[in-house]
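*Asks:* One rule links them: number in our numbering = place in the sequence shown (from 1) + 78.
Glycine included, every Cβ here is placed at the ideal spot set by N, Cα and C.
Remember, predicted model here, so these are calculated numbers, not experimental data.
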Amino acid sequence: MPASGVSAAAIAARLSDIGLSARVEEHDRYASVQTELPESLSADLWREVLEVVAEADRFGLLATSLYDRTLWAVVHKAVPATGDVGGPSYQR
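1. Give a yes or no on whether the C-beta atoms belonging to A151 and F137 are separated by under 7 angstroms.
2. Taking V135 as the reference, which of S120, R107 and W124 has the closest Cα?
3. For the beta strand (DSSP E) containing A100, name the first residue and the last one.
4. Is the shortest distance between the beta-carbon of A151 and the beta-carbons of chain D less than 7 angstroms?
5. Could you check where the alpha helix (DSSP H) with L128 kicks off and where it finishes?
6. Does the distance from the C-beta atom of R101 to that of Q112 stay below 7 angstroms?
7. Quick one: what's got a C-beta closer than 7 angstroms to Y145's C-beta in the same chain, skipping five residues either side?
8. Tell me where the beta strand (DSSP E) around A151 begins and ends.
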């Protein structure tokens, strides 16, 4: 698993420890974590959740209604060094 996947899995595990069910998805350039938020969260729980997702490269909240809220976090995969961008057919 790429480092981004390991970081995303760690974020998901910490969210799970808080009591939220999180899922991790691998994409071409990043790994993402998503969790549905309950209707009400205490201020202390919000602080814990924000501390966890602050470890990601980006995070946000998608609210489609008052009761339908999805917290998401993204961990970017490493960008190859300049000398490695040519790919397998690249001739030096």
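*Replies:* By the coordinates alone:
1. To locate residue 151, count along the sequence shown from 1; it is residue 73. To locate residue 137, count along the sequence shown from 1; it is residue 59. Closer than 7 angstroms, so yes.
2. Stepping through the sequence shown from its first residue, residue 135 is reached at position 57. Residue identity check: residue 135 is Asp in the sequence provided, not Val. The candidate whose alpha carbon is nearest that of D135 is R107.
3. Counted from its first residue, the sequence shown places residue 100 at position 22. Unbroken beta strand (DSSP E) run through A100: A100 to E104.
4. Included in the structure is just one protein chain, with no chain D present.
5. Translated into positions along the sequence shown, residue 128 becomes position 50. L128 -> alpha helix (DSSP H) spans A121 to V131.
6. If you number the sequence shown from 1, residue 101 lands on position 23. If you number the sequence shown from 1, residue 112 lands on position 34. The answer is yes: Cβ separation under 7 angstroms.
7. Along the sequence shown, read from residue 1 onward, the residue named residue 145 stands at position 67. The residues are E117.
8. Indexing the sequence shown from 1 puts residue 151 at position 73. Element bounds for A151: D146 to H154.
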